[in-house]
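Chains as they are written, first to last, in my numbering: chain A, 1 to 234; chain B, 235 to 1135.
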Ligand SMILES: Nc1ncnc2c1ncn2[C@@H]1O[C@H](COP(=O)(O)OP(=O)(O)O)[C@@H](O)[C@H]1O
Ligand SMILES: [Mg+2]
């Protein structure tokens, strides 16, 4: 298997009381190393659930997930934590920066726990925020905060960068800049990046597009010529 | 609308039961403590009043130096609804199973000072008695108390029988504390009282009259004193009349007796004169006959001569006899006259009797109780204040958090057109319900248990009845207002700011509190040493000021309470050991009489005795302007005195006083407010008063002592300070029971007190101190738990996103809990450190309040107590953390990060 990420027959059922919600149903797909993968689908389709399972934040009900031939779905709680710690970088819609830490410290917080982290200041420089490193999150704009969040995820030198609607809370121009940053990172460092969006226009920037509908993958398309983000309009 | 609100409130309580309980418990603690401590004094007073009312303690005790007659008693009885009873009393040495003890015998007065039978029954015959329950061991039922031969004639005459059979044990309202008073008999200290039927006494006059006056006011209250003062005047005027009458009757009786004696004597003298004359006549006749006989002697025959001579000799003898008789009679008459003259001068010096109307406050037990019960009141302010402060902080932080969480909901309700009051009412109802439940629970538990626990401690000195439960509606209402005010006030303040904002603003997420640099960061070299995560914690600690205060006050209060609790034990528990291991170094205190030198020699030559010291000991009173303190006076010319009584103050040795100087015990000095260099007044008997300069104050815990030189003793007491007691040291490993018996067996020994017995007795009663310690520890633990739980709870609730984020970043379980709890632990340490000195302060305050006249508590807290208090606080924090760590584990990452708050 030369596949980097493998999802095989993954089903996720949420039980709240007596109600069962099938968030994912027999989902199967693959992602290759170094790809920029965009997952699109309407709200409630199960994109976040999928990403959470891939990122080791959630467990699945049945099926298998592999990353680099290691079966994540078989990990216990502690192994999952270690997995998140060393292999995964997360970027959320609502940045989730720690309010009481400066931009630099937020990045350091992640770098702290890694074996071979990127120096926090370097990660900040990479997202172009060296001059704001001493600012607290509340002193930064939304786009800047999201860039700090990306720097935080990136500083861990993860194998896989997972982004859940990274532009959801941002305006058009800022969102575009953030996406460009992610695309550049993928291209320049060869890191595998997965971006979730409900905006189909963004599929143009991806190497691989996975469409999700009602908890299943409806199609997987490979994009021979991904377009730089700057050239996409929506 | 109301139902909808009620529903959301109930749901809110269900969802945040921990927070609800935090407010409830802290309110309960505050209210319970406050109500309990506030009610302690009234409960104790009510109990005592009930006891005194049921046993009908006298309202007035009348004394006269001439005693009282039946008529005197009748003069009071029935006047203005008063009841009066004459009574006898006498102090005597009695031989009981517990050895020779000093007893005070009272006559049983029908309906006044009724002894309460603890076991057995009241006497039915005149030679039966009931005994002080405190010395029931020394005089069990069925045993007899013999009146010792060594008693004064007065004592022996006053008691009709030479022995009394013990038929019961009683408590008396006349003696509600352990103090039995001092006496001139034996050791100078009364061991216990006994009650005899009136017929058990044999006395011309009553020694005292007890009056029961119709007073409505309760004991120890002002109304009582006011009513008593009015009646007192009435009694005084009657008493003065009766005193004059009694004087007149005694005077007239004596005078008429003197006069009749004089008349008799005069008659006798007149008769004597007549006899004298007769004798003169006879003498003259005899002389005539004798002359005649001598004239005619030669004419008489031998027989006649012999006969006449014999007749003459007989007559001469008769005359000589007569002369002697007359001489005797003359001296007898002279003597009689002298006696009459003396009686006359005595009668002339007979003065109107001194009369006293004594109220209840002159009764030692009553007066001491009034003093001692006041102690709690002072404490009852400080402790609850601490809890109140914490309660306010807890409510404030909790409600602020709750309002934060409900921002959006508030906004929605507001935009739907609900009024501010309606929206507010949810928070007010929430906190109000918690406070109400806390108030009810706290009041019930506090008002019942706190007074009982304290009463248990007081039982060392007062043990006559079970504590009464007192319900005080005013206090009940006050607690309610305080609890509700505190809870709802903070709730109101918390949501006031939110209610001012427009709905649109509320529906939007609240701008997160800006991160800030803390002052520590300015101290570069220190800040740099912190590891990254420590920096984060340090910054978090100072992020919320009110939480910081809540934590420090709460935890500090907890530590302070623990220090106080353990400190109280330190200060009280060891005083017995200190007293007899470090101060009073002898093993037996033996009172002796008679040929004291030989008694002493016999004592120290006993097997098992290492050494002995002859001392003079008696009871005196030390006085200042307000206080009058019953004190032992000790004196010895032996330089070995300090081997038996180690005089020291801390580490500094105190010198035996010189002439004119006195050394007194620390307790006496404290009560009288005397320091070295001051003068002290020593009272002995009714009138004798001497002043000495205090040259030293020595550590001492039981009773009060003054030490004087022998010649100063003589000045103070008016009689020679000859040895009347011996302090004995036993050799090691001596069986004390046997030795005590052998000591008592030596003639001239009147009583033996073994320090080990005393140690055992006092130690066992001091065990109740443990109650206080346990009580304080429980309260401290409760305080710590509430504060820590509340803080952790809020901390976690508020930072779920943060926690979820670091979990996503891959922090291990341990790292996550460290991240959150590091600051709680740090705050715990800060709080505990602050609490240590606070505890010392609180402890010395409490100890100051519990000064009791014959026990001097030391203000000492051992290092161990500090350590344990500190350790326990930290352990509490860890326990809470372990409990809360489970909660951290349950935080769902994806769920918490999904949306904004
Ligand atoms: N913790 C949860 N408990 C119950 N149902 C959930 C939970 N998380 C997601 N779901 C459900 O699973 C489905 C998929 O949700 P999600 O993956 O968040 O969708 P998307 O991210 O594509 O909008 C939705 O129907 C949602 O209601
Ligand atoms: Mg989603």
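Ideal placement from N, C-alpha and C gives every residue a C-beta, glycine not left out.
Fair warning: this is a prediction, and the values are worked out from it, not measured in the lab.
Best match in the options for proximity to residue i [C-alpha to C-alpha]
i: residue 106 of chain A; options: A:121, A:83, A:93, A:115; result: A:121
i: residue 401 of chain B; options: B:444, B:357, B:394; result: B:357
i: residue 703 of chain B; options: B:918, B:689, B:481, B:667; result: B:689
i: residue 218 of chain A; options: A:20, A:42, A:55; result: A:42
i: residue 362 of chain B; options: B:433, B:1046, B:648; result: B:433
i: residue 261 of chain B; options: B:444, B:677, B:540, B:324; result: B:677
i: residue 831 of chain B; options: B:577, B:958, B:440, B:979; result: B:958
i: residue 232 of chain A; options: A:113, A:211, A:222, A:202; result: A:202
i: residue 1150 of chain B; options: B:843, B:708, B:896; result: Residue 1150 of chain B lies beyond the range of chain B shown here (235 to 1135); nothing can be said about it.
i: residue 601 of chain B; options: B:903, B:1052, B:861, B:1031; result: B:861
i: residue 1169 of chain B; options: B:475, B:373, B:390, B:391; result: The structure shown does not extend to residue 1169 of chain B, since chain B spans only 235 to 1135, so no value can be given for it.
i: residue 1066 of chain B; options: B:342, B:275, B:792; result: B:792
i: residue 305 of chain B; options: B:512, B:476, B:938, B:978; result: B:476
i: residue 263 of chain B; options: B:438, B:451, B:668, B:993; result: B:668
i: residue 126 of chain A; options: A:109, A:113, A:141, A:104; result: A:104
Beta-carbon spacing of residue i, residue j below 8 Å
i: residue 889 of chain B; j: residue 866 of chain B; result: no
i: residue 1074 of chain B; j: residue 1125 of chain B; result: no
i: residue 224 of chain A; j: residue 196 of chain A; result: no
i: residue 249 of chain A; j: residue 54 of chain A; result: It is not possible to answer for residue 249 of chain A, since the shown part of chain A is limited to 1 through 234.
i: residue 245 of chain B; j: residue 1027 of chain B; result: no
i: residue 681 of chain B; j: residue 270 of chain B; result: yes
i: residue 692 of chain B; j: residue 1081 of chain B; result: no
i: residue 393 of chain B; j: residue 310 of chain B; result: no
i: residue 1137 of chain B; j: residue 347 of chain B; result: Outside the modelled stretch of chain B, which goes from 235 to 1135, sits residue 1137 of chain B, for which no answer is possible.
i: residue 1072 of chain B; j: residue 794 of chain B; result: yes
i: residue 316 of chain B; j: residue 459 of chain B; result: no
i: residue 151 of chain A; j: residue 92 of chain A; result: no
i: residue 899 of chain B; j: residue 932 of chain B; result: yes
i: residue 256 of chain B; j: residue 632 of chain B; result: yes
i: residue 266 of chain B; j: residue 679 of chain B; result: yes
i: residue 1128 of chain B; j: residue 207 of chain A; result: no
i: residue 124 of chain A; j: residue 138 of chain A; result: no
i: residue 1180 of chain B; j: residue 258 of chain B; result: What is shown of chain B runs 235 to 1135, which leaves residue 1180 of chain B out entirely.
Name the residues in the segment 186-205 of chain A whose C-beta lies less than 8 Å from a C-beta of chain B; which are they? none
Within the segment 350-433 of chain B, ranges of the beta strand (DSSP E) (whole runs, at least 3 residues): 350-354, 362-366, 378-381, 397-405, 426-430
What are the complete beta strand (DSSP E) segments, minimum 3 residues, inside the segment 782-834 of chain B? 822-826
Mind checking the segment 56-77 of chain A against chain B and listing, in chain order, the residues whose C-beta falls within less than 7 Å of any C-beta there? 57, 58
In chain order, what residues of the segment 149-163 of chain A put their CB closer than 7 Å to some CB of chain B? none
Give, in chain order, every residue of the segment 1040-1072 of chain B whose Cβ lies closer than 8 Å to some Cβ of chain A. 1040, 1041, 1042, 1043, 1044, 1045, 1046, 1047, 1049
Tell me which residues pass a beta-carbon proximity test against ligand 3: closer than 5 Å to any heavy atom, given in chain order. What this structure holds is ligand 1 and ligand 2, not ligand 3.
Residues of the segment 768-784 of chain B whose Cβ lies closer than 8 Å to any Cβ of chain A, in chain order: 769, 770, 773, 774, 777
Please list the segments of the alpha helix (DSSP H) lying wholly inside the segment 1005-1071 of chain B, counting only runs of 4 or more residues, in order along the chain. 1034-1043
Would you call the segment 196-212 of chain A and the segment 156-173 of chain A touching, i.e. three or more CB-CB distances under 8 Å? yes
Count Cβ pairs between the segment 627-643 of chain B and the segment 772-788 of chain B that sit closer than 8 Å; are there 3 or more? yes
Looking at chain A, which residues of the segment 1024-1038 of chain B have a Cβ within less than 7 Å of any of its Cβ atoms? 1035, 1036
Can we say the segment 830-848 of chain B touches the segment 955-962 of chain B, given the rule of at least three CB pairs closer than 8 Å? yes
Between the segment 940-956 of chain B and the segment 794-803 of chain B, do three or more beta carbon pairs fall short of 8 Å? no
Quick check: the segment 909-927 of chain B against the segment 816-829 of chain B, are there 3 or more CB pairs under 8 Å? no
Give the list of continuous beta strand (DSSP E) stretches no shorter than 3 residues that lie fully inside the segment 182-221 of chain A. 192-197, 208-213
Is the segment 549-569 of chain B close to the segment 496-503 of chain B, with three or more CB pairs under 8 Å? yes
Every unbroken alpha helix (DSSP H) inside the segment 281-344 of chain B [4 residues or more]: 304-310
Contact between the segment 523-533 of chain B and the segment 454-470 of chain B is defined here as three or more beta-carbon pairs at a separation below 8 Å; is this criterion met? no
List in chain order: all unbroken beta strand (DSSP E) runs of 3+ residues lying wholly within the segment 87-173 of chain A. 88-91, 160-164
Which residues, in chain order, does the segment 658-679 of chain B contribute to contact with chain A at a C-beta distance below 8 Å? none
Any residues in the segment 757-768 of chain B with a beta carbon nearer than 8 Å to a beta carbon of chain A? Which ones, in chain order? 766, 767
Below 9 Å between beta carbons is the criterion; list the residues of the segment 98-109 of chain A that meet it against any residue of chain B, in chain order. 98, 99, 100, 101, 102, 105, 108, 109
Does the segment 290-300 of chain B touch the segment 443-457 of chain B, meaning 3 or more C-beta pairs lie closer than 8 Å? yes
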